[in-house]
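Input: a single structure, listed below in structure tokens.
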Amino acid sequence: MPPTSPDDRYLDELEAESIQIIRETAAQCARPVMLFSAGKDSAVMLHLARKAFFPAPPPFPLLHVDTMWKFREMYAFRDRIAAEAGMELLVWRNPEAEAQGINPFDHGATVHTDLWKTQGLKQALDHHGFDAAFGGARRDEEKSRAKERIFSFRTRTHVWDPKAQRPELWSQYNARVHKGESVRVFPLSNWTEMDVWRYVQREGIDVVSLYFAAERPVVERDGALIMVDDDRMALRPGETVRRRRVRFRTLGCYPLSGAIDSDAADLAAVVAEMAASRASERQGRTIDRDPTASMEIKKREGYF
Amino acid sequence: MARDLVRLITCGSVDDGKSTLIGRLLHDAGAVPDDQLDAIRTASGEPDFSRLFDGLDAEREQGITIDVAYRHFETAGRRFMLADTPGHPQYTRNMVTAASTADVAVVLVDARKGLLPQTRRHSYLVGLMGVRRVLLAVNKMDLIGWSQAVFDEIAADYRALAGDLGLTEVAAIPVSGLGGDNVATRSTAMPWYDGPTLLQWLESIDLAEADPGPFRMPVQWVNRPDADFRGYAGRIAAGTVRPGDPVRVLPSGRTTAIDRIVTMDGDLAEGGPGQSITLTLADHLDVSRGDVLAAADDPPGVADQFEIDLVWMADAPLLPGRAYVVRLGAATVTGQVTDIRHRVNVETLEPLAARTLELNDIGVCHLHLDAPLTFEPYAANRDLGGLILIDRQTNETVGAGLIRFALRRSANVQWQALDVGRAERASLKHQRPLVLWFTGLSGAGKSTIANLVDKRLFADGRHTFLLDGDNVRHGLNNDLGFTDADRVENIRRVTEVARLMADAGLIVLVSAISPFAAERRMARERMAAGEFVEIFVDAPLDVVEARDVKGLYRKARAGQLTNFTGIDSPYERPEKPDIHIDAAALTPEQACERIIEAIRDRL
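From first to last, the protein sequence lines are chains P and F.
Its first residue numbered 1, the first sequence is counted upward by one per residue in the UniProt record's numbering.
Its first residue numbered 1, the second sequence is counted upward by one per residue in the UniProt record's numbering.
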């Protein structure tokens with residue numbers, strides 16, 4: 001049994017609601033898939049899926065929409081976790097982005113994210129014919145997320161049309177779609193970043209060590225601390241790599257994920273740091289700062 | 001202290017200062033990060049909390065408001081989930097959605113205005129959706145000089161209103177969202193008020209249910225990883241459960257006992273309300289998704305006809321008689337609204353006569369299902385008493401129903417088993433029953449072609465009958481007009497008559513415009529498998545209008561006929577008819593030949 005913490009009761013309710021959502025998707029949809037990015041939200045979502053169907057493994061595969069630029073540790077973590085869960089892991093890389101060598105340094109965060117993640121995701125969903133895709137997005141992340149449904153309806157072109165969203169009453173979720181249409185399902189909709197960390201702590205869920213403070217090689221670029229994860233990152237004039245004690249609140253492509261100075265080296269310290277923090281979670285994400293690529297616009301184009 | 005989860009809904013409009021109050025509440029509870037706070041500072045450096053919840057670009061561009069925004073905050077003792085809905089009069093649908101999961105409602109009024117019609121509407125809706133605990137926040141106290149007399153009067157008015165609406169736990173707090181008075185910190189401007197602040201009230205309200213009730217769990221998922229394990233997964237809707245407890249499987253009514261309560265953290269000794277678990281049973285019974293496991297000695301009811309409160313949520317109106325998908329618990333069936341008893345005026349709560357329900361209307365209706373479902377009255381259990389209606393063509397969620405009680409009518413009218421069956425009747429006639437359903441625009445040639453086919457079959461010695469849409473309207477359907485609702489009922493009756501005739505062994509020809517795909521589909525599903533043949537007599541509108549055999553198109557164009565199919569009433573073309581007749585290219589005789597050829601093997 002997991003250790004009892006003072007917050008058990010509400011975490012139990014969040015957990016039960018998420019499990020219900022995951023089971024409902026499996027029951028209503030012909031071909032669901034769970035997006036797996038190797039971050040903390042993915043790890044929690046996968047843990048909930050395993051609970052939902054225990055003793056069976058979850059009856060759907062995992063899908064990683066790869067960008068070629070994730071942290072090295074995330075790739076290793078991804079493969080290990082999928083194997084432990086006894087689930088099929090599908091990896092998709094946008095062949096056009098691969099052919100063109102799209103990367104965040106030469107093409108910028110917006111183009112990189114659009115081609116590898118948004119277009120890549122749509123290609124993967126079409127290729128495999130998935131009619132439902134689980135994502136780990138939470139309503140507390142961003143203002144356009146606050147109005148997102150748990151079951152978010154997408155047209156045949158994967159577009160989010162605010163007028164086509166369905167009312168969600170009680171725990172009645174409507175995942176009925178015509179051929180080619182799909183739903184994105186967000187089992188962690190009602191979780192906050194703090195809830196995720198408390199749950200990771202309570203359940204002993206494995207997450208990558210990048211979330212914990214350690215000495216890491218970083219450069220300061222455009223006001224963010226970017227970790228030099230491999231030799232593909234060229235330094236600009238005047239930049240020097242320094243070792244700093246940092247950790248990450250959110251993880252994506254390493255050139256686009258800003259680290260924060262921190263001494264929080266374990267879960268308890270992370271939770272304590274979170275409780276004292278006055279900055280929002282996505283502050284470190286450089287892609288969110290581009291006003292022409294707001295979360296809302298990306299979402300309407302088909303991003304998660 | 002164990003933190004629990006509290007779901008609350010806020011009701012009020014921008015004019016009441018709702019955004020400012022919620023922004024202040026979240027800020028004072030520490031849920032607004034510094035970078036978001038900096039983004040809403042005005043020139044003077046003070047945060048303007050009303051801007052914290054600015055709409056999305058899509059909302060501004062399309063002139064819409066997305067129904068509900070969910071926000072989160074916590075205190076030392078509780079974790080709050082706040083559903084924020086726009087307070088505009090049109091948004092009944094949004095408030096009902098948000099209130100469906102709420103434990104507590106905060107109803108906002110402007111101290112300068114007191115109770116308004118919308119206050120009554122908001123309170124009625126939260127009461128309807130089963131929220132019993134309501135806080136009246138009397139806002140903008142700063143603008144009335146912090147007057148105790150004004151506050152006391154508003155609070156007294158509201159207690160009277162709440163009593164009428166069945167809201168059992170009501171409190172009132174004087175606040176100012178602008179200055180944060182009595183939101184999270186006690187106001188120094190109102191020493192006369194000695195009750196809790198808004199946040200203190202939310203932290204202290206007692207949410208414990210006195211009695212969890214008898215055990216109920218809808219089966220969401222049958223878990224069968226291998227031949228040895230068969231588990232039933234679901235979320236407990238009421239009561240507690242332990243291994244060894246006798247349970248009844250509904251609707252079948254068979255009994256067994258709980259074997260294990262399985263979770264990934266190990267088997268449980270007891271499961272309680274709200275838990276997602278997997279149960280194994282002592283006996284091997286046939287249990288499927290949608291069934292309900294319940295305490296054997298105190299099971300819920302099973303019925304196929306209900307009186308419900310129905311909230312309509314779609315732009316297209318409710319059509320009584322049309323088949324919708326109905327979801328209750330984890331069960332899915334089809335059903336029809338057979339009767340609208342009345343519509344409710346949500347301002348005055350007066351009952352009004354209605355033949356349909358429009359977007360945001362609430363009505364008391366009778367719902368007739370095609371198969372019985374396990375239920376509880378909504379007032380007793382939201383999960384087994386709250387159902388949704390889904391449009392079968394668009395897949396949209398179009399209505400939310402709250403079960404009041406089961407109607408016993410069908411229980412007292414038993415199906416009379418007949419000794420002579422449809423097979424015997426048909427074989428005596430040396431034929432197989434068939435329903436040839438001719439659909440198409442007025443003047444397309446349906447009746448002409450159907451008449452030719454009828455004559456051919458009759459000449460071959462077949463027992464047939466031609467049901468003509470126009471003729472039926474002179475007798476059986478002479479009480480129906482041409483509104484969408486009446487067209488649906490018209491086709492439903494024609495369908496039932498055709499079905500009776502097919503049961504009698506006849507080959508039935510139906511000639512009716514039957515403009516809606518949903519009703520044609522319903523007709524198909526009412527017939528025995530393979531007995532329904534949809535024949536689309538396809539003639540372009542300009543052709544039939546130019547021909548205008550009965551002069552009806554001219555009248556419709558002149559405005560003398562309303563709700564005329566093709567002119568001001570839609571015709572939904574069959575996507576995959578069994579037989580497609582191009583009426584512009586074929587003569588009626590050629591069309592007849594094609595049809596006879598196509599059905600030859602089925603006669």
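Beta carbons are placed, not taken as given, at the ideal position from N, Cα and C, and that holds for glycine.
Using the Cβ count rule (16 or more neighbours within 10 Å means buried), how would you classify residue i?
i: residue 604 of chain F; result: Since the first residue shown for chain F is 1 and the last is 603, residue 604 of chain F is missing from the structure and cannot be characterised.
i: E281 of chain P; result: buried
i: Q119 of chain P; result: buried
i: C381 of chain F; result: Residue 381 of chain F is actually Asn in this sequence, not Cys. The residue is buried, with at least 16 neighbouring Cβ atoms inside 10 Å.
i: L5 of chain F; result: buried
i: G399 of chain F; result: buried
i: Q118 of chain F; result: buried
i: C11 of chain F; result: buried
i: H178 of chain P; result: exposed
i: W312 of chain F; result: buried
i: E531 of chain F; result: buried
i: residue 604 of chain F; result: One cannot answer for residue 604 of chain F here, as it falls past the ends of chain F, which runs 1 to 603.
i: N471 of chain F; result: exposed
i: H430 of chain F; result: exposed
i: H127 of chain P; result: exposed
i: K550 of chain F; result: exposed
For the alpha helix (DSSP H) holding residue i, just list the boundary residues, first then last.
i: F482 of chain F; result: First-last for F482 of chain F: undefined, no H or E at that position.
i: Y10 of chain P; result: D8 to Q28
i: H128 of chain P; result: G120 to H128
i: M141 of chain F; result: Note, M141 of chain F: premise wrong, no alpha helix (DSSP H); not H, not E.
i: L84 of chain F; result: Per the sequence presented here, residue 84 of chain F reads as Asp, with Leu not at that position. Unbroken run through D84 of chain F is the beta strand (DSSP E), R78 to D84; no alpha helix (DSSP H).
i: D41 of chain P; result: K40 to F53
List, in order along the chain, the chain F residues whose C-beta lies closer than 8 Å to that of residue i?
i: E13 of chain P; result: D4, L5 and G274
i: W197 of chain P; result: None at all; the shortest Cβ gap to chain F is about 13 Å.
i: A16 of chain P; result: R235, G274, Q275 and S276
Name the chain P residues whose beta carbon is nearer than 9 Å to that of residue i?
i: A69 of chain F; result: R139, K143, A146 and K147
i: A400 of chain F; result: P167, L169, W170 and Q172
Kindly give me the distance between the Cβ atoms of residue i and residue j, rounded to whole angstroms, as I take these residues to be in contact under 8 Å.
i: T565 of chain F; j: S442 of chain F; result: 6 Å
i: V175 of chain F; j: N139 of chain F; result: 6 Å
i: A132 of chain P; j: V183 of chain P; result: 5 Å
i: V219 of chain F; j: A303 of chain F; result: The pair is not a contact, with the Cβ atoms about 19 Å apart (cut-off 8 Å).
i: D266 of chain P; j: R244 of chain P; result: Not a contact, Cβ separation roughly 19 Å.
i: S447 of chain F; j: S511 of chain F; result: 5 Å
Residue range of the beta strand (DSSP E) that residue i falls in?
i: V344 of chain F; result: A331 to V344
i: D261 of chain P; result: G258 to D261
i: C11 of chain F; result: D4 to C11
i: D110 of chain F; result: V104 to D110
i: D304 of chain F; result: G301 to W312
Anything in chain F within Cβ reach of residue i, meaning under 7 Å, just list it in chain order.
i: Y10 of chain P; result: R3, D4, L5 and R79
i: R166 of chain P; result: E396 and T397
i: A213 of chain P; result: Within 7 Å Cβ-Cβ: nothing; A213 of chain P doesn't reach chain F, min ~20 Å.
Determine the chain P residues that contact residue i at a beta-carbon separation under 8 Å, and present them in chain order.
i: V262 of chain F; result: F54 and P55
i: R93 of chain F; result: P167
Give a single yes or no on whether residue i has its beta carbon closer than 6 Å to a heavy atom of the ligand PLP.
i: D484 of chain F; result: The ligand content of the structure shown is nil, which means the ligand PLP is not present either.
What does residue i reach in chain P if we use C-beta pairs closer than 7 Å?
i: M313 of chain F; result: P167
Just to make sure I have the definition right: I need the residues of chain F whose C-beta is within less than 9 Å of the C-beta of residue i. Which are they?
i: A83 of chain P; result: Correct list: empty, because the minimum Cβ distance to chain F is about 18 Å.
Output needed in chain order: residues of the stretch 369-398 of chain F with a Cβ under 7 Å from some Cβ in chain P.
R382, D383, G386, I388, I390, N395, E396 and T397
Using a Cβ cut-off of 8 Å, which residues of the stretch 263-280 of chain P contact any Cβ in chain F, in chain order?
S277, R278, A279 and S280
What residues in the stretch 20-32 of chain P have a beta carbon less than 7 Å from any beta carbon of chain F?
Q20, R23, E24, A26 and A27
Output, in sequence order along the chain, the residues in the stretch 9-26 of chain F whose CB is closer than 7 Å to any CB in chain P.
none
Residues of the stretch 51-63 of chain P with a CB closer than 8 Å to any CB of chain F: list them in chain order, please.
K51, A52, F53, F54, P55, A56 and P57
With 8 Å as the limit, tell me which residues of the stretch 317-344 of chain F have their beta carbon closer than that to any beta carbon of chain P; keep them in chain order.
V325, R327 and A330
Residues, ordered as in the chain, of the stretch 205-224 of chain F that lie near chain P by beta-carbon distance below 7 Å
Q220, W221 and N223
Taking any Cβ of chain F, which residues in the stretch 173-201 of chain P have a Cβ under 7 Å from it, in chain order?
N174, R176, V177, H178, N190 and T192
Quick one: which residues of the stretch 216-242 of chain P get their C-beta closer than 9 Å to a C-beta of chain F? List them in chain order.
none
For the stretch 96-115 of chain F, list every residue whose C-beta sits within 8 Å of some C-beta in chain P, in sequence order.
V96, T97, S100 and T101
With 7 Å as the limit, tell me which residues of the stretch 227-239 of chain F have their beta carbon closer than that to any beta carbon of chain P; keep them in chain order.
F229, A233 and R235
If you measure beta-carbon to beta-carbon, which residues of the stretch 276-289 of chain F are closer than 9 Å to chain P?
S276, I277, T278 and R289
If you measure beta-carbon to beta-carbon, which residues of the stretch 118-129 of chain F are closer than 9 Å to chain P?
M129
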